[in-house]
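First comes the structure, then the notes that go with it.
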Amino acid sequence: MIKNHPGDELLSSYSAGSLPLGQALCVSTHLEFCSNCCQKLQRFNHIGGELMLQLSPATVSHDLKNTILNKIDEDSDSLERDHQDMSYSGKSKVSNVRSGAGESSVPRCLRQFVKSDYQEMAWRRVAKSIHNIELFRDDENTKVEMLKIKSGGSVSTHSHLGEEYTVILEGSFSDEDGLYQQGDFLVRNSRDEHTPIATLDRDCICLGVSEGPLQFTGFFKRLLNPLVRRGYLQN
Ligand SMILES: [Zn+2]
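In terms of numbering that gives the first Met the number 0, the sequence shown has 149 at position 150, counting the first letter as 1, and numbering is strictly consecutive.
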């Protein structure tokens, strides 16, 4: 049961296509687990369409008009192909929530990074019980990564210089505020300090997007912060 969802502001920005890539990937991932948010997104899409209809027509140059019409043609072609793919696999286009039976446990929007199984990936050890794989950084140096916390392992108490988005892909973890399970979507900001601990039964795999480096807040860990900021230590 998913208890943590992206807020309306995030979902409406996602609907408008205005979210930075890393955040959009987190929302897409959550949507594959959450039919409630899929329905909400459809409502935002509908509202966006209605608002577009109410706009007054504007005069544009001949070139711009052609560029837009060509783009619409291209998008229609790719939508048509997607629709055919979906028809072949017998899946509905109304919701992109995974059907479960026989399907890979990796969300579709992450399959370009995860070819087969999470455990098969080239994990890099960053601390005693934490491994990561950096997927990419966007223009603003926001880091998009996969994180694996070993069962029962913990991440040192930390806060963030910017916002941190986490979607749980497999397993579960808890922190001072509760227990988080597959599909849960979390946002932490620079005021939140937390100490995530993976549950004992299995490793916890997450998608993580962090806008600024971690700030370790434990007494000794605080000494590490200047090194993290200068890139001598990975966070
Ligand atoms: Zn949701």
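By construction, the Cβ of each residue, glycine as well, lies at the ideal position given by its N, Cα and C atoms.
Helix, strand or coil at residue i according to DSSP, with G and I counted as helix
i, result
"Ile-71", "helix"
"Ala-121", "coil"
"Glu-144", "strand"
"Glu-192", "coil"
"Ala-57", "coil"
"Ser-86", "Bear in mind that the predicted position of Ser-86 carries a pLDDT of just 49, short of 50, making it unreliable; the figure below should be weighed with that in mind. Residue state, collapsed to three classes: helix."
"Cys-33", "coil"
"Val-26", "helix"
"Asp-62", "helix"
"Arg-187", "strand"
"Met-0", "coil"
Buried versus exposed, by CB contacts within 10 Å (16 or more), residue i
i, result
"Glu-31", "buried"
"Phe-135", "exposed"
"Lys-142", "buried"
"Gly-177", "exposed"
"Asn-131", "buried"
"Val-166", "buried"
Own chain residues within Cβ distance below 7 Å of residue i, not counting five before or after
i, result
"Gly-47", "Ser-14 and Ala-15"
"Ser-17", "none"
Sequence-distant residues of its chain with Cβ nearer than 8 Å to residue i (five each side left out)
i, result
"Asp-174", "His-193, Thr-194, Pro-195 and Ile-196"
"Pro-5", "Tyr-13, Cys-25, Val-26, His-29, Cys-36, Phe-184 and Val-186"
Beta-carbon proximity of residue i to residue j, cut-off 8 Å
i, j, result
"Val-113", "Ile-129", "no"
"Leu-10", "Cys-36", "yes"
"Ile-1", "Asp-202", "no"
"Tyr-164", "Asn-3", "no"
Beta-carbon separation (whole angstroms), residue i vs residue j, contact threshold 8 Å
i, j, result
"Asp-162", "Glu-144", "Asp is not the amino acid found at residue 162; the sequence shown has Glu there. Contact doesn't hold; Cβ gap of about 15 Å is too wide."
"Leu-168", "Leu-206", "6 Å"
Same chain only: Cβ atoms within 6 Å of residue i, ignoring 5 sequence neighbours per side
i, result
"Gly-152", "Ser-128 and Ala-197"
"Gly-21", "Asp-137, Thr-141, Val-143 and Val-208"
"Ser-236", "Residue numbering for the chain in the displayed model covers 0 to 234; residue 236 lies beyond these limits and cannot be assessed."
Neighbour flag for residue i against chain B, beta carbons, 8 Å
i, result
"Leu-168", "Looking for chain B here will not work: only one protein chain is present."
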